[in-house]
Amino acid sequence: MSSISRDDVAHLARLARLAVTDEELDRFAGQLDQVLAAVARVGEAAVADVPPMSHAVPLTNVLRPDVVTPSLSRDVVLAGAPAAEDDRFRVPRILGDAE
Amino acid sequence: MGSDLTTTDVAGLSRLLSAGEVSAVEVTRAHLDRIAAEDGALGAYLHVEAEAALAGATAIDEARARGDELGPLAGVPVALKDLVVTEGVPTTSGSRILEGWRPPYSATLATRLAEAGTVLLGKTNMDEFAMGSSTENSAYQVTRNPWDRDRIPGGSSGGSSAAVAGHLAPWSIGTDTGGSIRQPAAVTGLVGHKPTYGSVSRYGLIAFSSSLDQAGPMARTVLDAALMHEVIGGHDPRDSTSIDSPLTGLADAARAGAAGDLRGVRVGVVRELGGDGHTEGYEDGVLARTREAVELLAGLGAEVVEVSCPSFDLALPAYYLIAPSEASSNLSRYEGVRFGLRVGDDGSHDLDEVMALTREQGFGPEVKRRIILGTYALSSGLYDAYYAQAQKVRTLITRDFTAAFTGVDVLVSPTTPTVAFPIGSRVEDPIAMYAADLCTLPASLAGLPAISVPSGLSEGLPVGFQVMAPALADDRCYRVAAALEAAQDAARGHRLLDELPA
Numbered sequence: 006m007s008s009i010s011r012d013d014v015a016h017l018a019r020l021a022r023l024a025v026t027d028e029e030l031d032r033f034a035g036q037l038d039q040v041l042a043a044v045a046r047v048g049e050a051a052v053a054d055v056p057p058m059s060h061a062v063p064l065t066n067v068l069r070p071d072v073v074t075p076s077l078s079r080d081v082v083l084a085g086a087p088a089a090e091d092d093r094f095r096v097p098r099i100l101g102d103a104e
Numbered sequence: 362m363g364s365d366l367t368t369t370d371v372a373g374l375s376r377l378l379s380a381g382e383v384s385a386v387e388v389t390r391a392h393l394d395r396i397a398a399e400d401g402a403l404g405a406y407l408h409v410e411a412e413a414a415l416a417g418a419t420a421i422d423e424a425r426a427r428g429d430e431l432g433p434l435a436g437v438p439v440a441l442k443d444l445v446v447t448e449g450v451p452t453t454s455g456s457r458i459l460e461g462w463r464p465p466y467s468a469t470l471a472t473r474l475a476e477a478g479t480v481l482l483g484k485t486n487m488d489e490f491a492m493g494s495s496t497e498n499s500a501y502q503v504t505r506n507p508w509d510r511d512r513i514p515g516g517s518s519g520g521s522s523a524a525v526a527g528h529l530a531p532w533s534i535g536t537d538t539g540g541s542i543r544q545p546a547a548v549t550g551l552v553g554h555k556p557t558y559g560s561v562s563r564y565g566l567i568a569f570s571s572s573l574d575q576a577g578p579m580a581r582t583v584l585d586a587a588l589m590h591e592v593i594g595g596h597d598p599r600d601s602t603s604i605d606s607p608l609t610g611l612a613d614a615a616r617a618g619a620a621g622d623l624r625g626v627r628v629g630v631v632r633e634l635g636g637d638g639h640t641e642g643y644e645d646g647v648l649a650r651t652r653e654a655v656e657l658l659a660g661l662g663a664e665v666v667e668v669s670c671p672s673f674d675l676a677l678p679a680y681y682l683i684a685p686s687e688a689s690s691n692l693s694r695y696e697g698v699r700f701g702l703r704v705g706d707d708g709s710h711d712l713d714e715v716m717a718l719t720r721e722q723g724f725g726p727e728v729k730r731r732i733i734l735g736t737y738a739l740s741s742g743l744y745d746a747y748y749a750q751a752q753k754v755r756t757l758i759t760r761d762f763t764a765a766f767t768g769v770d771v772l773v774s775p776t777t778p779t780v781a782f783p784i785g786s787r788v789e790d791p792i793a794m795y796a797a798d799l800c801t802l803p804a805s806l807a808g809l810p811a812i813s814v815p816s817g818l819s820e821g822l823p824v825g826f827q828v829m830a831p832a833l834a835d836d837r838c839y840r841v842a843a844a845l846e847a848a849q850d851a852a853r854g855h856r857l858l859d860e861l862p863a
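These protein sequences, in sequence, are chains U and Z. Just so we're on the same page, the numbering used here is the position in the first sequence counted from 1, plus 5. Just so we're on the same page, the numbering used here is the position in the second sequence counted from 1, plus 361.
Here it is, written out as structure tokens:
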């Protein structure tokens with residue numbers, strides 16, 4: 006099993022939208038390397054013919070009758086937003102200057 | 362400790378309230394007074410609903426005076442872990458990213474507790490997003506163990522355990538993903554039950570690892586825990602994993618167990634959880650209390666055998682792949698747009714940057730570690746080696762349980778390998794922190810019910826005894842735990858919590 010480098014952690018943090026600091030990168034890389042070494046023990050299990058288990062109870066798709074039920078009002082939902090404008094969520098620009 | 366309304370168990374409060382011997386306002390005020398006096402030192406609550414609690418209690422008293430039909434729990438106060446969404450009441454999940462959020466709806470279990478007439482005292486501290494075993498990962502405050510204030514109250518439901526053990530609430534709701542009800546209950550001398558996955562609705566519980574998360578009771582007696590489980594459990598159409606079958610007989614099972622007859626009950630002691638060849642990391646005092654508890658059960662007529670579940674050795678690595686993987690997906694919803702914190706929205710940053718700055722400031726170190734680990738385990742090329750492999754180990758663990766339950770009715774073990782450890786002692790060592798979950802993880806991964814019940818003290822600190830049962834056989838956990846509790850209380854002449862230093 007591979008170990009995890011500082012560059013790996015920086016890449017994963019970007020994928021996960023975490024603007025981690027240099028100090029965090031140093032600390033997390035060491036800690037995650039230890040954690041990874043511990044969890045890599047799952048590789049020891051003989052699981053050639055074993056199916057994976059995603060849930061403890063068998064899941065079936067649950068449907069409800071197709072009738073209108075009350076939902077949260079727009080004002081109530083927007084009241085929890087960090088920024089709202091014109092009855093909508095206000096979102097920062099989604100493209101950079103160069104794009 | 363003297364006897365007053367804050368030391369009375371819920372079954373006792375229910376009798377006093379129903380008989381009109383005390384009012385709901387008196388019970389609520391007694392708890393609020395004690396919170397005001399003690400919680401500065403304990404740090405159990407993140408938010409106290411003093412005014413609303415008194416108003417709610419007043420309404421119960423007025424309804425009773427009018428002769429309205431009230432349930433047996435009307436007027437009993439309750440505390441909720443701060444990941445239970447409560448309409449209009451601050452809900453943070455222990456995280457800065459939800460600081461100040463007042464949810465527009467309530468969790469099903471909060472609604473059911475309110476409909477039963479219970480009075481919400483407040484929201485309890487927790488490890489951020491329930492990730493931890495000590496409550497030290499809370500973004501807000503440290504919570505102390507009432508038995509020794511230099512030690513952790515367990516986690517992640519450590520505010521809920523400290524509140525109930527410290528008599529700042531008669532009972533509370535915790536949630537358990539890998540042991541977060543049972544381990545804090547164990548280290549504070551409480552009863553904590555993780556229900557069968559699907560027994561209690563997850564609607565309105567802030568998600569950590571959706572295939573594992575379950576809410577359940579934390580209480581001072583097995584009967585109280587069963588009473589709460591009956592209130593909060595049962596089918597909920599708003600949770601697609603909710604089990605659609607009746608949930609009854611739990612309190613009856615606790616009462617039957619307390620009668621002390623376990624003849625015909627087959628108890629399996631799990632070798633891999635503190636048995637021969639598997640004692641590394643376990644304290645001698647914990648193993649001694651566990652042996653004594655098993656002997657007590659045998660003395661009550663139970664048939665005791667040792668059982669081997671070899672795959673349990675891999676529960677910890679499997680859990681610490683599955684839970685972070687699910688968390689990395691669940692926590693993607695904190696993007697600083699629809700609710701919660703937003704950082705860096707000054708016109709110079711685009712949405713992606715605002716998202717990254719928000720999550721960087723809003724999440725603490727353990728949450729970031731787990732998101733990064735989960736992102737890694739799910740990445741293409743590594744998925745088969747980590748996440749898929751862990752899911753197969755999960756199947757092996759479930760098969761071990763299935764095989765064991767062909768020969769026994771319940772499985773038992775210590776709840777956690779050690780007594781409460783000192784605050785700060787494991788903060789910089791994630792692996793040492795994760796070891797606190799060693800005994801609780803197998804039942805979590807298999808979705809099975811498991812209870813922690815006190816088994817005595819080691820070096821003056823509580824030890825927990827775990828009873829695990831097949832899916833939907835929660836009643837067996839309550840029965841066996843109540844038998845142990847009653848036998849121990851009778852032998853020592855008082856409850857374990859009565860030995861709590863004042």
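Note that beta-carbon positions come from the ideal geometry of N, C-alpha and C, so glycine has one too. Please read all numbers here as calculations on a predicted model, not as lab measurements.
Note on geometry: alpha-carbon atoms of L692 of chain Z and A848 of chain Z lie some 45 Å from one another. For A834 of chain Z and P810 of chain Z, the gap between their C-alpha atoms comes out near 7 Å.
For P438 of chain Z against V388 of chain Z, the beta-carbon gap comes to about 6 Å, under 8 Å, which counts as contact. Membership of Q544 of chain Z in the alpha helix (DSSP H) is indicated by the continuous run 543–549.
In this structure A413 of chain Z is in contact with L481 of chain Z, their Cβ atoms being roughly 7 Å apart against a cut-off of 8 Å. At a cut-off of 8 Å between beta-carbon atoms, Q827 of chain Z makes no contact with chain U. In the three-state DSSP reduction, I792 of chain Z falls in the helix class (H, G or I). Contact with chain Z is found for L17 of chain U, since one of that chain's Cβ atoms lies less than 8 Å from the residue's Cβ. Among the residues facing chain Z, R11 of chain U is not included, as its CB has no counterpart in that chain under 8 Å away.
When 9 Å is used as the limit between beta carbons, V47 of chain U is near these residues of chain Z: L675, P678, A679, L682, A746, Y747, Q750, A751, K753, V754, in chain order. Contact between R543 of chain Z and S813 of chain Z holds, since their C-beta atoms are separated by about 4 Å, short of 8 Å. Annotation: Cβ neighbours of V81 of chain U in chain Z (cutoff 7 Å, chain order): P465. When DSSP states are grouped into helix, strand and coil, D509 of chain Z belongs to the strand group. The CB of L100 of chain U comes closer than 8 Å to the CB of D711 in chain Z, given here in chain order.
Comparing alpha-carbon positions, the option among Z:P862, Z:Y747, Z:E382 lying closest to V40 of chain U turns out to be Z:Y747. Below 8 Å, enough C-beta pairs join the segment 746–765 of chain Z and the segment 49–64 of chain U to call them touching: three or more. The straight-line gap separating the alpha-carbon atoms of L68 of chain U and G595 of chain Z is approximately 18 Å. The segment 719–732 of chain Z makes no contact with the segment 765–779 of chain Z, as fewer than three CB pairs between them are under 8 Å. For the pair Y466 of chain Z and E448 of chain Z, the CB atoms are nearer than the 8 Å cut-off. Taking each of Z:G646, Z:G629, Z:L470 in turn and checking the Cα distance to P578 of chain Z, the smallest one comes out for Z:L470. For Y406 of chain Z, the uninterrupted beta strand (DSSP E) segment begins and ends at 406–409. In chain order, G85 make up the part of chain U whose C-beta sits under 7 Å from the C-beta of W462 of chain Z. I792 of chain Z sits close to A43 of chain U, with the two beta carbons spaced by under 8 Å. Between D370 of chain Z and T582 of chain Z, the C-beta gap is smaller than 8 Å, which places the two residues in contact.
The alpha helix (DSSP H) runs lying completely inside the segment 427–497 of chain Z and spanning 4 residues or more are 469–476, given in chain order. In the DSSP assignment, F782 of chain Z falls outside any beta strand (DSSP E) and carries neither an H nor an E.
Spanning the alpha carbons of V828 of chain Z and P70 of chain U requires a straight line of approximately 40 Å. At least one C-beta of chain Z is nearer than 8 Å to the C-beta of S59 of chain U. Put simply, the backbone Cα of C838 of chain Z is about 48 Å away from that of A88 of chain U. Residue-level contact by beta carbon holds for Y558 of chain Z and chain U, with a gap shorter than 8 Å.
Taking a contact to require three or more Cβ pairs closer than 8 Å, the segment 634–641 of chain Z and the segment 587–604 of chain Z do not qualify as touching. Pairing A372 of chain Z with L858 of chain Z gives a Cβ-Cβ distance that is not under 8 Å. Contact with chain Z is absent for L30 of chain U, since none of that chain's Cβ atoms lies less than 8 Å from the residue's Cβ. When Cβ-Cβ separations below 8 Å define contact, F490 of chain Z makes no contact with chain U. Against chain Z, the CB of V25 of chain U has a partner CB under 8 Å away; the residue lies at that interface.
Our two residues, A418 of chain Z and L608 of chain Z, have alpha carbons roughly 28 Å apart in a direct line.
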